[in-house]
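Chains as they are written, first to last, in the numbering used here: chain B, 110 to 441; chain G, 13 to 337.
Below you can see the structure in the form of structure tokens.
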């Protein structure tokens with residue numbers, strides 16, 4: 110059953126880092142890949158994920174290490190110098206830590222539709238391979254999840270990974286509790302392998318990318334006694350746009366009756382109000398949505414009695430064009 | 013020299029139009045999209061106003077809201093262990109009372125609100141909550157009920173309904189309904205055993221104006237008060253996050269949740285349906301109940317019917333009580 114698979118490097122482990130947010134299946138993808146490698150491909154493998162509080166929309170990193178059968182894997186440190194980085198949500202690319210440590214000859218696979226290449230990718234090494242696939246678009250069409258598509262793309266990019274056996278492991282993972290997903294996942298997996306595009310001339314840097322190490326300024330040496338935080342920071346500086354998964358509410362001011370129901374069901378205070386114009390019937394009027402904070406739950410759309418808020422597919426740049434800032438003096 | 017301690021009085025509101033404009037719970041927190049508890053937190057913060065201190069026992073409304081050095085609250089807030097929300101609040105209240113009485117601090121006693129989850133109220137947090145109610149501190153204890161220990165990945169808690177699928181109560185061949193135990197009743201626990209408590213209320217995110225008024229009323233009452241808020245959790249209960257309000261409303265329409273106030277021995281009910289809808293309508297929206305058979309649903313219906321009757325809510329039950337076995 111086990112064939113001899115030769116990994117690309119004989120002197121070190123083959124390391125993959127999946128960068129994602131909760132809800133897109135990165136943890137399951139890493140697990141499936143490592144299981145396939147160990148149980149079907151005769152390799153040694155290790156997988157674990159790192160995330161803060163377990164929430165949909167919060168950052169998740171999943172690490173996979175693969176090695177030959179005769180070499181035990183004794184490390185469970187995060188993957189700092191990956192051979193491959195798979196990015197599940199393109200907005201994560203605006204954070205330099207997402208690509209940190211990528212090897213000079215490494216591969217980046219990221220989820221985005223066709224179109225202009227993001228400027229941040231110029232920071233990649235010149236020699237790195239850059240592959241793009243519309244994982245969300247394919248997943249929505251096939252009623253699967255982005256992880257199935259990206260696993261297919263990963264196997265396509267690295268032929269030493271036996272795509273048939275990874276697909277088998279993917280199907281086994283879900284056949285127990287979600288048998289209805291197996292066929293959809295298979296379609297998504299195959300399309301992921303077939304429909305990725307390799308982009309040329311993207312990276313302009315030389316050598317491996319530097320490793321990012323978090324260096325907090327506050328610690329036992331610098332903090333006030335007792336752990337009191339005298340000037341706490343405020344969450345308004347967080348940009349939650351990356352936690353949306355494909356849709357956002359669009360506001361049509363003509364239809365709005367300014368009843369306030371949307372505001373009473375939004376847990377995130379995304380709706381921006383202002384005093385009504387002089388002589389208007391309404392003391393307060395809704396003027397727009399601050400998409401910096403919108404997570405796309407669509408409760409406002411559900412609650413609006415006048416259909417002034419409608420659900421639309423999010424395309425790149427749409428949120429920024431429509432956004433009305435909640436704190437215009439503070440945060441643009 | 014001792015000074016009489018003055019407390020605030022917050023007026024009730026009649027319409028959505030009168031809901032206060034000011035927000036004391038700002039965006040940017042990392043709760044899930046459509047989070048029910050985050051919504052109730054926003055409404056409670058609006059109701060309480062600026063002269064407030066929140067105490068946050070560990071749970072979704074601590075972990076998802078705060079990261080180190082950074083919170084979404086614009087009023088002072090302190091973390092408590094999941095076990096001791098009541099204890100921390102007692103200490104804060106006693107300290108403020110002493111400072112005010114001795115004239116070392118001016119102004120009114122701040123609203124002191126514990127924002128605890130169902131686990132932090134009636135399970136792991138029960139002891140400190142009950143002790144605080146017994147000692148009679150002027151604190152509002154809010155239980156936001158998402159019917160599980162949600163923050164750690166949805167484990168069952170004493171308010172998880174019979175038949176719910178959680179990671180601790182997974183349905184299988186040996187235990188087909190998943191959860192076999194019926195839930196505790198937090199407001200009855202408080203009402204039944206604590207003589208110092210003068211006001212207890214239950215509310216839901218489905219009716220925000222009512223929620224705001226109940227919180228204000230509880231804050232106006234001197235002494236310990238308890239408000240139990242139904243806050244559906246889209247991830248834990250497995251429903252589309254856009255439907256949170258619909259689920260909360262159906263809970264009330266089927267009797268799974270009852271909105272009432274208890275003040276000095278008298279009950280007042282709100283949003284009593286003229287005719288209750290069958291529990292099945294509420295269950296079918298949530299995948300955490302998808303595994304239940306008709307026998308299990310009948311058992312749950314019987315439990316709901318008995319609970320509604322016991323409250324003294326006059327009602328015509330939709331299905332005859334079956335022979336449960």
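Just so you know, even glycine gets a beta-carbon here, dropped at the ideal spot from N, CA and C.
In terms of Cβ geometry, residue 241 of chain G and residue 216 of chain G form a close pair [threshold 8 Å]. Residues of chain G with a Cβ closer than 7 Å to the Cβ of residue 431 of chain B do not exist, since the nearest Cβ in that chain sits about 17 Å away. Residue 212 of chain B sits close to residue 317 of chain B, with the two beta carbons spaced by under 8 Å. When B:200, B:272, B:365 and B:320 are compared, the shortest CA-CA separation from residue 221 of chain B is found for B:200. Residue burial annotation: residue 257 of chain B is buried, with at least 16 other C-beta atoms found within 10 angstroms of its C-beta. Within the stretch 365-383 of chain B, those residues whose Cβ lies closer than 9 Å to any Cβ of chain G are, in chain order, 368, 369, 370, 372, 373, 374, 375, 376, 377, 378, 379 and 382. The beta carbon of residue 126 of chain G lies closer than 6 Å to those of 67, 97, 101 and 153 in the same chain, with the five residues before and after it left out.
Straight across, the Cα-Cα distance linking residue 178 of chain G with residue 298 of chain G is about 12 Å. Scanning B:134, B:277 and B:241 for the CA closest to the CA of residue 225 of chain B turns up B:241.
Secondary structure at residue 253 of chain G: helix, using DSSP grouped into helix, strand and coil. Judged by DSSP secondary structure, residue 68 of chain G falls within the beta strand (DSSP E) whose first and last residues are 64-69.
At least one C-beta of chain B is nearer than 8 Å to the C-beta of residue 257 of chain G.
For residue 152 of chain G, the closest Cβ of chain B is not nearer than 8 Å.
By the Cβ test, the stretch 73-85 of chain G is in contact with the stretch 342-358 of chain B, since at least three Cβ pairs between them sit closer than 8 Å. Cβ neighbours of residue 194 of chain G within its own chain (closer than 7 Å, five residues either side excluded): 174 and 315.
In this model, residue 271 of chain B and residue 328 of chain B are separated by some 46 Å (Cα to Cα). DSSP places residue 144 of chain G in the uninterrupted alpha helix (DSSP H) bounded by 138-147. Taking 7 Å as the cut-off between beta carbons, the residues of the stretch 333-356 of chain B near chain G are 338, 341, 342, 343, 344, 345, 346, 347, 349 and 352, in sequence order.
Counted as a single uninterrupted DSSP element, the beta strand (DSSP E) harbouring residue 158 of chain B occupies residues 153-160.
Contact between residue 31 of chain G and residue 373 of chain B holds: CB atoms are separated by about 7 Å, below the 8 Å threshold. Measuring C-alpha to C-alpha distances from residue 216 of chain B to each of B:311, B:151, B:293 and B:417 identifies B:311 as the nearest. Within the stretch 118-135 of chain G, contact with chain B at the beta-carbon level (separation under 7 Å) is assigned to no residue. DSSP places residue 321 of chain G in no beta strand (DSSP E) but in the uninterrupted alpha helix (DSSP H) bounded by 306-322. No Cβ-Cβ contact shorter than 8 Å links residue 186 of chain B with residue 320 of chain B.
Residues of chain B whose Cβ lies closer than 7 Å to the Cβ of residue 82 of chain G are, in chain order, 341, 342, 343 and 344. Judged by DSSP in its simplified three-state form, residue 84 of chain G adopts coil rather than helix or strand. Residues of chain G whose Cβ lies closer than 9 Å to the Cβ of residue 195 of chain B do not exist, since the nearest Cβ in that chain is about 23 Å away. At a beta-carbon threshold of 7 Å, the residues of chain G lying near residue 405 of chain B are 45, ordered along the chain. Relative to residue 192 of chain B, the option among B:333, B:408, B:282 and B:126 whose CA is nearest is B:126.
Along the stretch 195-209 of chain G, there is no position whose C-beta sits under 9 Å from a C-beta of chain B. By the neighbour-count criterion, in which a residue is buried when 16 or more other Cβ atoms sit within 10 angstroms of its Cβ, residue 282 of chain B is buried.
Shown here, residue 213 of chain B sits in coil according to DSSP, grouped into three states, outside any helix or strand.
With contact defined as three or more Cβ pairs closer than 8 Å, the stretch 87-95 of chain G and the stretch 272-292 of chain G are not in contact.
Cβ proximity to chain G below 7 Å picks out 407, 408, 410, 411 and 412 from the stretch 407-432 of chain B.
For the 8 Å CB-CB criterion, residue 280 of chain G and residue 59 of chain G do not form a contact.
The closest CA to that of residue 195 of chain B, considering only B:184, B:234, B:207 and B:189, is found on B:207.
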